Ligand code: ADP
Ligand code: MG
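Residue numbers (our numbering): 625 to 1601.
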């Protein structure tokens, strides 16, 4: 057995019916060996059923896969229905059904009341027989005229009427309302339709009658209708089985499984077309001689083998062939046969079902056999009853293998331990003696308010019992509840149309909401041009003061060449963590040790003294722990805020960013502030005890004796972008750009010194810290900002500043998403319009959620888990939409980043007079490193925007620390000019 665990069936019972169905006859009860053999051949062991289930699962996977879809026997056709009714469906709609002998038109009004009281009117038009073989135009004109007549009868409603078109032929569907007919079947052969879009053909015919308000929005499959019609009250049905004359099924599959459709988000209803299962021989070991005869006598031998064992059209035939062969073997009717028994379709499935009945079955058997001109004995009747039961039980058990395959597929792809699901079932086999409702004779107008749920036929048919219990054995990890469908009046397809209409309306509103966030290539080219313009202004001596991109000289003029050696101390301030490091640069590589220290918000937003005192205390703590008290190592200070550098070790803070705002720092040289703090520590407070650290700060243990050793030799102040470039440059000499996409975003690159108007000197290059986060602060990006961006900006401590950064970096993306989600809730597009209090909390939606939610192949379950933590009860459709919002926001961020980088690499290429530039970008930042698509999107867009530059991306490992040490090392190697 495939599935260990609970509900493990007893393996010692070889024939499943013995234990399963007390109503079925045990083969052992028959003494006649021929009859016994016949019954055995129709009886499938649990092991065999398990094997058939596995083959069905394989066939389904083959149908879903892009590569094997074309050859698959089980086609697994996408229906583009991505949702089940949620009760908000509202308004008038129409359904037009093209059937074998008639056209049915339906008019349905939904009140948005949870579909409690849908109003439905319908009319049936007989289809003239010559239509089936005529022109396509005549056929569609006729259908359109039916629509026109129907509308006249119901009072000519003039508002827009969305139409669902039920067209039960094999179609290549590429969208809700886009489906080419592959080939006619069921006696239809109209000219000029195959290969054409049938939705368009119907719409054209309707337009000819000037019914422009009637809009065909979707092509529908009737199986989906069964699923939707069963989705009443309580839980929606996500699987439907049709067990009628033929057999088919559909279910809500994870969209990513449906490889023939590009969409990977959410779910889509898949029409399995499982009737063809076995056409490649997958059923050969369960076929009986009777099945072969039924198949040979059919109009399509070799095709639809599964349907021919399961479908109502064939069960009577299987029984008839079994009787014929047993009669030949003298095991029935004392060897007599009649011409009636030998003629096709003489024994009906309806009779088979009636004969199964415990009480009246024997009498039914007698009259049915007598009607064939036979003179059955009591024993004959009993044997025929046994055969009927075996054939129907087998059909039910085989259906169960298909159902179990679907259940296991769903459970596995949703990554659930246990799947609980409702299964809508329709068809005469399942409903036993119930008839199909709906009068198909003549033309009449029906009108009925449908108080749902209607009284339904009881599901307790033998077929249903076996189906349910065998599916339970074959897929013990799933709990399926069979729900009889009441779709006798077309309500199901009407619901599909309603869902399609809701999907279209919602899509339209979502598109409108997200449109401002979707940047065109032209937008991005413009951003690139503006960035280039701002770069030039930032570099110019006179224009620098007004530029939003400051283009700050760093006094770093060389990238590492690999000859650097020595031990260095490094500080990294300006990211999420403050760190102190010791870096040892050796011939064989770089070794580092570091400690992380917390900078509490009270210090980030306190005073200059408190901040730098805290830093000194951390350094002292580190030196103590690392036994470095006796040495005075050269120190590189990564300080990731915009600074006006006057030399490598002289940096005047221009402005705080990323949540820092300590007073008394802007306008000061940060190296000086650091030295003063060290001084204070040595003299100011004398030799007294350390001030107690502020709440939340790391408790520091610094022996007083080490204070006297505290001497700092600050060699260089470095921006983290520069550190990253240098760290990567140590491994790749082509690394001449540094990029950060973490809490904030920024970049640096090697500029020709002669272009740097703000520093004397013409020779060589200098690294420029662009401070591109402030790009747009002068208003040049205003038309790119959305209302969501403005809302995020307004609530920051530096409103109106760092506008480019606020579109791109980790500190803000989650907030942008949160504001979009709130807007969608407001428009009733999400969470059924119900916001949670939590979602209204600033910063509650973290940027790392985007990384998780956007992970490829992530089960929607996990998205729902994240949302549940925010007290949001998300349906799977909500989860899909949230994922789309995240994708939109992170894609825009990556593309804007690419536009900025494109300006940089193109400028470098022009600077150097090259047709092609090959350059490496050293990158750091958790967003870049952890987001599943950011780097790919960035690189792809960059290649598109700067095709003449071959740009390689190298992730830095601990660039800020290593880089600061390397700047110090390079400086020690050859003192900067
Ligand atoms: P910094 O830029 O401050 O040096 P990081 O590079 O670690 O620090 O970036 C921190 C930012 O990364 C935070 O703002 C956070 O929102 C974001 N972040 C953290 N984890 C993830 C993740 N898994 N995916 C995307 N972003 C993340
Ligand atoms: Mg960092």
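From the three backbone atoms N, C-alpha and C, an ideal C-beta is built for every residue, glycine too.
Just so it is clear, the structure is predicted and the values come from calculations on it, not from any experiment.
For residue 928, the secondary structure class from DSSP, reduced to helix, strand or coil, is coil. With fewer than three CB-CB distances shorter than 8 Å, the stretch 1526-1542 does not count as touching the stretch 1494-1514. Along the stretch 1096-1160, the alpha helix (DSSP H) occurs as fully enclosed runs of 4 or more residues at 1115-1138, listed in sequence order. Of the candidates 951, 871, 946, 992, 871 places its Cα closest to the Cα of residue 936. Nearest C-alpha to residue 849 among 709, 940, 1022: 709. Remark: the shortest separation between the CB of residue 1472 and any heavy atom of ligand 1 falls under 6 Å. Going by beta carbons, residue 879 and residue 886 fall outside the 7 Å limit. In the three-state scheme derived from DSSP, where H, G and I count as helix and E and B as strand, residue 781 is classed as coil.
As the crow flies, the alpha-carbon of residue 1503 is around 20 Å from that of residue 883. A straight-line Cα-Cα distance of about 48 Å links residue 967 and residue 786. Annotation: the continuous beta strand (DSSP E) that includes residue 803 extends over 802-807.
For residue 1442, the three-state secondary structure derived from DSSP is helix. Set against 6 Å, the gap from the CB of residue 699 to the closest heavy atom of ligand 1 is not smaller.
Of the candidates 1506, 876, 906, 1016, the residue whose Cα lies closest to the Cα of residue 679 is 906. Comparing alpha carbon positions, the residue from 1209, 1547, 1383, 1513 closest to residue 1443 is 1513. The C-alpha of residue 1371 lies about 48 Å from the C-alpha of residue 687. Going by DSSP, residue 1536 is part of no alpha helix (DSSP H) at all; its letter is neither H nor E. Residue 1090 and residue 683 have their C-alpha atoms roughly 23 Å apart. For residue 1583, the shortest C-beta to heavy atom distance toward ligand 1 is 6 Å or greater. In the three-state DSSP reduction, residue 1274 falls in the strand class (E or B). In this structure, the C-beta of residue 1551 approaches ligand 1 to less than 6 Å from one of its heavy atoms. At a cut-off of 6 Å, the beta-carbon of residue 1199 counts as near ligand 1: some heavy atom of the ligand is closer than that. Beta-bridge pairing by DSSP links residue 895 to 701, 874. Beta-bridge partners of residue 1258 (DSSP): 1337.
Contact check for residue 1583 against residue 1348 passes: the beta carbons are separated by less than 7 Å. Take the alpha-carbon of residue 1205 and the one of residue 1128: they are about 57 Å apart.
If you check the CB distance, residue 1595 and residue 1207 do not come in under 7 Å. Of all alpha-carbon atoms in 1289, 1198, 1222, the one lying nearest the alpha-carbon of residue 1233 is that of 1289. In this structure, the CA atom of residue 1376 is about 8 Å from the CA atom of residue 1386. In this structure, residue 1238 has its CB at a distance of at least 6 Å from all heavy atoms of ligand 1. For residue 953, the CB contacts under 7 Å within the same chain, skipping 5 residues up- and downstream, are 658 in chain order. Contact check for residue 1118 and residue 744: beta-carbon distance about 7 Å, within the 8 Å limit, so the pair qualifies.
Secondary structure remark: continuous alpha helix (DSSP H) runs of at least 4 residues inside the stretch 1353-1407: none found. Nearest C-alpha to residue 1466 among 1418, 1431, 1267: 1418. Between ligand 1 and residue 1367, a heavy atom-to-CB distance of less than 6 Å is present.
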